[in-house]
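Notes for the one structure printed next.
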Amino acid sequence: MKDFLTDLNDQQLMAVKNTEGPSLIIAGAGSGKTRVLTTRIAYLISQGIDPFNILALTFTNKAAREMRSRIEEMVGPNARNLWMGTFHSVFARILRSEASRLGYPSNFTIYDTDDSKSVIKMLLKELQLDSKIYKPSFVYNRISSLKNNLILPVEYTSNPDYMAEDLASGIKFFGEIYLKYTLKCFKSGAMDFDDLLIKTYELLSKYLDVLNKYQHFFKYVLIDEFQDTNLVQYMIVRKIASVSRNLSVVGDDSQSIYSFRGANIKNILNFEKDYPELKVFKLEQNYRSTKTIVEASDNVIKNNKFRLPKKLWTDNSAGHKIKLIRTTSESEEGNRIAQIILNEKKDNAFCNKDFVILYRTNAQSRAFEESLRRFGIEYRLLGSLSFYQRREIKDLLAYYRFVLNPADEEALKRIINIPHRGIGDTTFAKIVVLADDNQCSIWDIILNIKSFDLPARIISLLESFGDLINSFRIVNENNDAFDTADYIARNSGIISMLKEDKSIEGIGRLENVQTLISAVKEFSDREQNTDKSLGAFLQEVSLLTDEDTQKEEGDRVTLMTVHSAKGLEFPVVFVSGLEENLFPSAMSMMSCEDIEEERRLFYVAITRAKTKLFLTFASTRLKWGNFNYCEPSRFLDEIDSDHIDFETEKSAHKYNQFQSQPVLPKSNKPVNLVRKKALIPESFVAEDTSGLSSGMQVEHANFGQGQVIKVEGEGSSKKAVISFNDFGEKQILLKFAKMKIIR
């Protein structure tokens, strides 16, 4: 025990050894959060707590695997008995054993996003609704948001306020879609990702014996990245931990950046209200970054009103100043960063993998990809199509799913004519109608196809397909995941079909299928897997997150969004596109809360850097083929000027040989260069604009003079629409505006 406690600092040690009762561990960026969490679990086991009685919840399978491995190093193989994994994987495990209570088969299918959208598209056709109005992505995201807030279809459709809002928004049938979607999933014996949470909550709410069972089974509950939990996740955990009250949560409110996924920062901000006896531990020493980077991050985040008090500090050296770089366009921004990478590699012996380029939106990657290719720099783009989302992989996985769950209509629809066997859309539509008329599944119709008045050719084709699936089901009963998966791949005709395609794309698709079979083999051979069935493999695959499918690809520069970068660290970080309406996003200008989340996102970006940090922005950016002037991000002005080294155009001139200069729109107003101390002209002094009203003349620090068209909102959300002489119409949030009234 002494070995794994020796190197902890005082706060870390107290957080580890406080095992009883509720506790909140506020872990600042780079403060050893994972180390504290894993050591705390190891300490519990060393004190005689049975690992079976410890529930540890994470947000990625990768994080769970890494933590379990660390714990095993500390206390031995007994740690394998921990209930550790993502919320979705742990709750899916509980639901597998309790599914019959809710009317689901134990082998229920887990729908991914594409499956769910496919169901929605089918429902839109059935209801004869315009998919341009009821966009499948919009419908799916709205359903997901409702589920995460525990608003179920019956509650939704019976609420007159929701119905009135839908009518006013031109989507009066949304409630009906939501209800039919839920029923369709249930009929198919399928749950989407959100259902894994909703159904667990329903299970624990409806069946007190089940709740009692898990309350007494899980004596210690620990949650990683608590700031990212949504309402239903927190409600489930509260239920489970309500008997022991041994609930320990680890997180950093300053890194809460996933509200668009349903994450609720109030869970961590208000945690003490639910647990008055709470013990709070603050991990404030940063081990990752230089003193300059740590202090700059604190400069920024202290501007947020809604936060738990803490102040990061470090014993690391001051290091380099933060380089602030202004470019004329996004193309120059890409070229400038590429040139810096070459110079840093040459002068400081960095490798490509030491660099990351972070951006606010995926669309920004184009300019960086082009520049890196032009400069001959290898890179990897995170956030591209996942291996398990590729067409041929989804085809084969659909076979596996249907063999396990014949009620899965989405899987059946995908495989019934792959490879081509003469069962087209018209035939499938006929058997769907028969299933609806007879109130049974499509699989039931196929099994009894001879009983229906259909052409002999169709009966023969469907009978052959039914025999094929039944043969796969027999193989599955007596074999592990690999033997079953390999047999289905070879006998379904998919491998033969792909071998016939001699194109480069076809060869690539065949290699992908081979990779999938190898993955199943690795799963079946994995010693710690007690369940080596095809069903267990499918569950693991269906619950993989984007982070889990990211693999190291040699010595390459990484390109990714800031949202994707949380939890990672790099020696050299570029944070790009630091302009108003880009970072912070234009969509975040409606409320103080939204701006604060954007600031937390910038904080996350800064704290990814270990030794060097570059902040870049462009004075113009192409939008719809036209150059638009850009205002530097307000967040840049929040960093103490002592930490900034501003690169002037003159000092950057030597890098311009690769730059293509944009043709700028005509304007009498020059583009101001950002000053080192502040991003406003030397002589400008901002004034109070709380009394602003339409018709007034104003002067803005960056946009110059203009006339107020209208003012709306109250308090921190008050904003104005202003027509500027040289920059046109802009919407300004007054709380942050550097502006004064002229008359």
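Residues -10 to 732 in the working numbering are what the sequence shown spells out, letter by letter. Glycine included, every Cβ here is placed at the ideal spot set by N, Cα and C.
- Rounded to whole angstroms, the Cβ separation of residue 45 and residue 211 is 5 Å, and the two are in contact under 8 Å.
- Residue 343 has its alpha-carbon roughly 40 Å from the corresponding atom of residue 132.
- By a beta-carbon distance limit of 8 Å, residue 564 contacts residue 604. Their separation comes to about 5 Å.
- Using a 10 angstroms sphere on the CB of residue 698, the tally of other CB atoms stays under 16, which defines it as exposed.
- Excluding sequence positions up to five before and after residue 287, its CB lies within less than 7 Å of the CB of 300, 301, all in the same chain and listed in chain order.
- Residue 287 is bridged by DSSP to nothing; it lacks a bridge partner.
- By the Cβ neighbour-count rule, residue 586 is buried, with 16 or more other Cβ atoms within 10 Å of its own.
- Annotated three-state conformation of residue 357 is helix, per DSSP.
- Its chain contains 345, 347, 593, 594, 597 as the residues whose beta carbon lies nearer than 8 Å to that of residue 554, once the 5 sequence neighbours on both sides are disregarded; these appear in chain order.
- Between residue 713 and residue 695, the C-beta spacing is below 8 Å.
- Taking C-beta atoms as the reference points, residue 405 and residue 412 count as a pair closer than 8 Å.
- For the set 322, 628, 84, 729, the Cα lying nearest the Cα of residue 98 is the one of 84.
- Of all alpha-carbon atoms in 728, 75, 272, the one lying nearest the alpha-carbon of residue 693 is that of 728.
- Per DSSP, residue 262 is one residue of the alpha helix (DSSP H) stretching across 260 to 263.
- Residue 634 holds the alpha-carbon nearest to the alpha-carbon of residue 310 among 634, 560, 93, 304.
- For the region 154 to 222, the continuous beta strand (DSSP E) assignments of 3+ residues that do not extend past its boundaries occur at 179 to 181, 209 to 212, in sequence order.
- Within 10 angstroms of the beta-carbon of residue 22 lie 16 or more other beta-carbons, which makes it buried.
- Distances from the alpha-carbon of residue 76 to those of 218, 14, 316, -8 put 218 closest.
- The beta-carbon distance between residue 274 and residue 12, rounded to whole angstroms, is 19 Å. This is too long to meet the 8 Å contact definition.
- Only residues of its own chain outside the window of five on either side were considered, and among them 694, 729, 731 have a CB closer than 6 Å to the CB of residue 688, listed in chain order.
- With a threshold of 16 other beta carbon atoms within 10 Å, residue 235 meets it and is buried.
- The Cβ-Cβ distance between residue 168 and residue 80 does not fall below 8 Å.
- If the five residues before and after residue 223 are omitted, its C-beta is found closer than 6 Å to the C-beta atoms of 256, all from its own chain and listed in chain order.
- Here residue 104 is buried. Its C-beta has 16 or more other C-beta atoms within 10 Å.
- The beta carbon of residue 152 sits closer than 6 Å to none of the beta carbons in its chain outside the five residues before and after it.
- Sequence-distant Cβ neighbours of residue 395 in its own chain, meaning closer than 6 Å and more than five residues away, are 432.
- For residue 133, the enclosing alpha helix (DSSP H) stretches over residues 125 to 137.
- By the Cβ criterion, the region 426 to 441 is in contact with the region 384 to 398, since at least three pairs of Cβ atoms, one from each stretch, lie closer than 8 Å.
- Under the DSSP definition of a beta bridge, residue 720 partners with 710.
- The secondary-structure analysis by DSSP pairs residue 238 across a beta bridge with 13, 212.
- A distance below 7 Å between beta-carbons, with the five flanking residues on each side excluded, links residue 280 to the following residues of its chain, in chain order: 303, 305, 306, 307, 308.
- Per DSSP, the unbroken beta strand (DSSP E) holding residue 99 starts and ends at 98 to 100.
- Where residue 560 is concerned, the enclosing beta strand (DSSP E) starts and stops at 559 to 564.
- Under the DSSP assignment, residue 315 falls in the beta strand (DSSP E) whose first and last residues are 311 to 316.
- For residue 606, the closest of 230, 494, 623 by C-alpha to C-alpha distance is 623.
- The shortest CA-to-CA distance from residue 379 to any of 199, 180, 499 is the one to 499.
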